[in-house]
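Below you'll find the structure, written out as structure tokens, and then a few comments.
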Amino acid sequence: MKPLAIQALHFALVAIWFVQSAGIAQEGDSSPTAAPKSQYGGFASDAAGHQAYLDYLHGLETIPVEAGVELQQAIKAIPVESDIVLTSTQEAGLRDWLYDFLIAFSASGSDSLAAVFYLREGVNNPTGIKEIKKQFAAFESGPAAAQLKSMGIEMPEQPVDDTPFALFQAMHKFGLAMQGRTHFFGNISFLASKYSVFEPQGEYESYRDYAKTHGLLPLGAIEWSPKLRKEIEEVIPTGAVFAQFMFIAEEPEEFASFEGTIRHPFFARLVWNPEKNMWRLVEAFASNDAPVLFLFNAM
53 MKPLAIQALH FALVAIWFVQ SAGIAQEGDS SPTAAPKSQY GGFASDAAGH
103 QAYLDYLHGL ETIPVEAGVE LQQAIKAIPV ESDIVLTSTQ EAGLRDWLYD
153 FLIAFSASGS DSLAAVFYLR EGVNNPTGIK EIKKQFAAFE SGPAAAQLKS
203 MGIEMPEQPV DDTPFALFQA MHKFGLAMQG RTHFFGNISF LASKYSVFEP
253 QGEYESYRDY AKTHGLLPLG AIEWSPKLRK EIEEVIPTGA VFAQFMFIAE
303 EPEEFASFEG TIRHPFFARL VWNPEKNMWR LVEAFASNDA PVLFLFNAM
């Protein structure tokens, strides 16, 4: 789905909580004043820089995002840079998280796998679940329903089984249907990827701010913030261990326009939960032309 279609989607879902709460970062947003240090290009924000950025992305070699050994080996080959000694469980968990995420939102995935991925940490945001229920109800009448109808989009129905699993499954399916697609990820490149693992120093600093000052986001970003991020921003857990990484994603070719497929960087930051022995998502974002829509704000 191209930028114009994304704008239409946001307009049609103007009353939907999980879209409204996804922050759009613009060039004027505040960020650290440190001098930019490029990791893969340092592209300028002018027309020439934008074209160089696109040329770079589309010149990368990619592999299909599909379940199997090839993707597993590619993820296993991503280097790890760490300020601490990682346990084998922590490192394996990092790679498993990325593999499960990509598969859930690829042709190898399904509505059920997407719901399982969203709820892998359990139900940590009861308010988010309630808001999804409210939005399904809003589709039945009112401005949101009228906007959808005017665009020729079939009204979704709230699941009879209103468990968190059924709600995430249905909302994910509806988001895909609105975009006229069945999945988000087609091909992937890890050529510029690495896992950066660290313990925070001082106050919480957004990964988006880091990406912006290091020349990784010349076009701005669309963000998704789980409830956990707000909790961590207020109080960073003692001995917290974070991991962050970036990869280049390509939309499925069958959904591309005559201009071709969109390639975009996607970023994620995780925090290790020693009690559950697992990594949890803190924040995720992509360039603002990325043709993806996630429900991380309800986690």
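Whatever position you read off the sequence shown (first residue = 1), add 52 for the numbering used here. Backbone N, C-alpha and C define an ideal beta-carbon position, used for all residues, glycine too. Since the model is a prediction, treat every value here as computed from it, not as a measurement.
Restricting to Cα atoms, I'd like to know which of the options is closest to residue i.
| i | options | result |
| --- | --- | --- |
| Leu154 | Glu305, Pro116, Met330, Lys282 | Pro116 |
| Ala320 | Tyr259, Gly272, Gln199 | Tyr259 |
| Glu335 | Pro326, Phe157, Leu280 | Leu280 |
| Ala229 | Asn349, Glu327, Glu209 | Glu209 |
| Gly227 | Pro343, Thr141, Phe95 | Pro343 |
| Thr139 | Ser241, Asp341, Trp331 | Trp331 |
Buried or exposed: residue i, going by 16 or more other Cβ atoms within 10 Å of its Cβ?
| i | result |
| --- | --- |
| Gly180 | buried |
| Ala189 | exposed |
| Glu302 | buried |
| Phe310 | exposed |
| Phe63 | The predicted model places Phe63 with a pLDDT of 34, which falls under 50 and marks its position as unreliable; any figure quoted below should be read in that light. Counting Cβ neighbours within 10 Å, Phe63 comes out exposed, since fewer than 16 surround it. |
| Gln221 | buried |
| Val323 | buried |
Give the DSSP-derived three-state secondary structure of residue i in the structure shown.
| i | result |
| --- | --- |
| Pro178 | helix |
| Glu286 | helix |
| Glu133 | strand |
| Met223 | helix |
| Ser140 | helix |
| Gly194 | coil |
| Asn349 | helix |
| Val344 | coil |
| Pro317 | strand |
| Leu146 | helix |
| Ala60 | Bear in mind that a pLDDT of 40 at Ala60, under 50, signals an unreliable position, so the number given afterwards is only what the model happens to contain. Three-state result, Ala60: helix. |
| Glu206 | coil |
Which whole-angstrom value is the C-beta distance of residue i and residue j, which I expect to be below 8 Å?
| i | j | result |
| --- | --- | --- |
| Pro270 | Met298 | Actually they do not touch by this definition, with Cβ atoms about 14 Å apart. |
| His235 | Phe157 | 6 Å |
| Glu251 | Val293 | 6 Å |
| Val249 | Val132 | 6 Å |
| Ile284 | Tyr256 | 6 Å |
| Ala273 | Phe191 | Rounded, the Cβ-Cβ distance is 28 Å, inconsistent with contact. |
Please give me, in chain order, every unbroken run of the beta strand (DSSP E) with length at least 3 that falls completely inside the stretch 245–302. DSSP runs (the beta strand (DSSP E)) wholly in the stretch 245–302: 247–250, 273–276, 294–302.
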